[in-house]
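**Student:** Sending over a structure as structure tokens; questions will come in a sec.
2 protein chains.
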Amino acid sequence: MRPDVHIALVHHPVLNKTGEIVATAVTNLDIHDNARSARTYGVASYHIVTPLDAQVELVSRILGHWRDGFGARRVPNRVDAMNLVCVSRTLEDAIAAIADGAGRRPFVVATAARRLPGSVTYAAMRDRMGREPGPFLIVFGTGYGLADSIVASADALLEPIGDPSDWNHLSVRAATAITLDRLLGERG
Amino acid sequence: MRPDVHIALVHHPVLNKTGEIVATAVTNLDIHDNARSARTYGVASYHIVTPLDAQVELVSRILGHWRDGFGARRVPNRVDAMNLVCVSRTLEDAIAAIADGAGRRPFVVATAARRLPGSVTYAAMRDRMGREPGPFLIVFGTGYGLADSIVASADALLEPIGDPSDWNHLSVRAATAITLDRLLGERG
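Going down the list, the protein sequences come from chains V and D. Going by this note's numbering, the first residue of the first sequence is number 1, and it counts up by one from there. Going by this note's numbering, the first residue of the second sequence is number 189, and it counts up by one from there.
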């Protein structure tokens with residue numbers, strides 16, 4: 001049985017290059033790529049987190065195009081992926097929505113490209129997802145990564161994917177795909 | 189010691205939705221995301237394969253911006269990733285360039301999202317890359333996948349990432365990232 005796993009892509013609060021808290025812009029391809037990765041790995045929902053009215057409106061229009069509009073007719077399989085996408089104004093709203101559906105607050109797993117104290121390995125988290133029913137929420141940051149407040153309030157933090165002492169600047173689309181494969185992919 | 193691995197992203201000959209051979213357009217984010225994944229996993233070069241003059245010109249301009257232009261000043265770490273990118277008009281040209289550098293023709297590994305006869309597992313290819321010096325060239329297709337002629341002429345074909353009997357429509361950016369992680373990622 002697959003665990004009940006959800007993902008969130010946070011656009012606020014995240015860090016910019018100089019470590020300040022900012023809100024980043026939602027990117028069309030972040031919606032598509034992560035929705036397709038989520039659908040491939042049996043993820044139950046994909047939350048785009050942005051507090052900005054104009055961005056919420058933009059995401060809603062993109063989703064409409066790919067769920068019911070011309071995009072849905074042109075690429076029918078994309079509907080299945082786009083149906084996983086929700087918009088939330090805060091990460092807490094996304095957590096509440098998942099808790100509403102599951103009857104239980106999700107176990108929140110933060111991610112970071114930098115080495116931070118107390119991180120858990122992919123193998124340990126994969127084991128946990130195989131043993132416990134969930135729900136689990138894996139949280140990814142745009143910009144230069146999740147704000148410390150989100151990492152601190154999460155129930156666990158995953159180790160970095162690459163070697164933080166070497167070049168370690170994966171796109172968030174690549175990091176999401178690799179994380180889902182490591183935690184949920186078939187092992188042959 | 190890391191094996192000598194190269195990747196190529198083919199825009200012609202690839203399939204469209206109805207199985208015809210087409211040339212797809214190069215996407216800015218395909219250049220960036222795959223260059224960043226390549227750099228993270230120690231890939232030696234990333235070949236964008238397109239026969240179209242206008243596309244070759246476009247890629248060259250994008251590379252200039254990120255290697256020497258404003259992009260390089262704004263995001264200095266991106267230079268290291270973009271320096272891996274080459275443009276080739278055919279896959280055979282990319283193979284020849286790698287052979288020139290290595291003094292030996294690369295072992296060419298095709299990829300496909302559909303189940304095809306004779307594919308090898310990621311574990312087997314990972315083993316091989318650990319034992320043999322290479323060079324290896326992993327070939328990814330845009331559109332609806334590599335033309336049969338490219339798969340047939342390759343030295344090996346990797347198994348699909350997802351379950352081809354289920355929903356299996358990863359973006360090529362996600363597929364490239366997952367493939368590199370499975371073949372070259374650290375195993376903790």
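Don't be surprised by glycine CBs; every beta carbon is placed ideally from N, CA and C.
Let me know the secondary structure DSSP gives D:H220 once reduced to three states.
**Tutor:** Three-state result, D:H220: helix.
**Student:** Looking at chain V, is there any beta carbon in it that lies within less than 8 Å of the beta carbon of D:N271?
**Tutor:** Output row for D:N271: interface = no.
**Student:** Closer than 8 Å, CB to CB, is D:W254 near chain V or not?
**Tutor:** So no, D:W254 is outside the interface.
**Student:** So D:I195 is in the beta strand (DSSP E); what residue range does that whole segment cover?
**Tutor:** Element bounds for D:I195: 193-198.
**Student:** Taking its Cβ as the centre, do 16 or more other Cβ atoms sit within 10 Å of V:A171, making it buried, or is it exposed?
**Tutor:** According to the sequence displayed, residue 171 of chain V carries Ser and not Ala. Burial call: buried.
**Student:** With 8 Å as the threshold, decide whether the Cβ of D:T206 is near any Cβ in chain V.
**Tutor:** So no, D:T206 is outside the interface.
**Student:** Please list the partners that D:R366 has in chain V, where partner means a Cβ-to-Cβ separation under 8 Å.
**Tutor:** Before going on, a small fix: residue 366 of chain D reads as Ile here, not Arg. Result: A177, I178, D181, G185.
**Student:** Quick check: the stretch 94-103 of chain V against the stretch 61-74 of chain V, are at least 3 beta-carbon pairs closer than 8 Å?
**Tutor:** Touching, no.
**Student:** Please list the terminal residues of the continuous beta strand (DSSP E) segment that includes D:V237.
**Tutor:** Segment 233-237, the beta strand (DSSP E) holding D:V237.
**Student:** For the stretch 198-230 of chain D, enumerate the residues whose C-beta is nearer than 9 Å to any C-beta of chain V, in chain order.
**Tutor:** Residues passing the 9 Å Cβ filter: K205, T215, L217, H220, D221, N222, R224, S225, R227, T228, Y229, G230.
**Student:** Rounded to the nearest angstrom, how far is the Cβ of D:V327 from that of D:V308, given a contact under 8 Å?
**Tutor:** Contact doesn't hold; Cβ gap of about 14 Å is too wide.
**Student:** With 9 Å as the limit, tell me which residues of the stretch 118-132 of chain V have their beta carbon closer than that to any beta carbon of chain D; keep them in chain order.
**Tutor:** Flagged, chain order: T121, Y122, A123.
**Student:** Please name the residue in D:G331, D:G306, D:S233 whose C-alpha comes closest to that of D:S341.
**Tutor:** Measuring from the Cα of D:S341, the nearest candidate turns out to be D:G306.
**Student:** Compare the C-beta of D:D268 against all C-beta atoms of chain V and say whether one is closer than 8 Å.
**Tutor:** By this cut-off, D:D268 is an interface position.
**Student:** Verify the CB distance criterion: does V:G141 have a CB-CB separation below 8 Å to chain D?
**Tutor:** Answer no: the Cβ-Cβ gap between V:G141 and chain D never drops below 8 Å.
**Student:** Hey, V:N77 and D:W355 are a contact pair by Cβ (cut 8 Å); roughly how many whole angstroms apart?
**Tutor:** Indeed they touch by this definition, with Cβ atoms about 7 Å apart.
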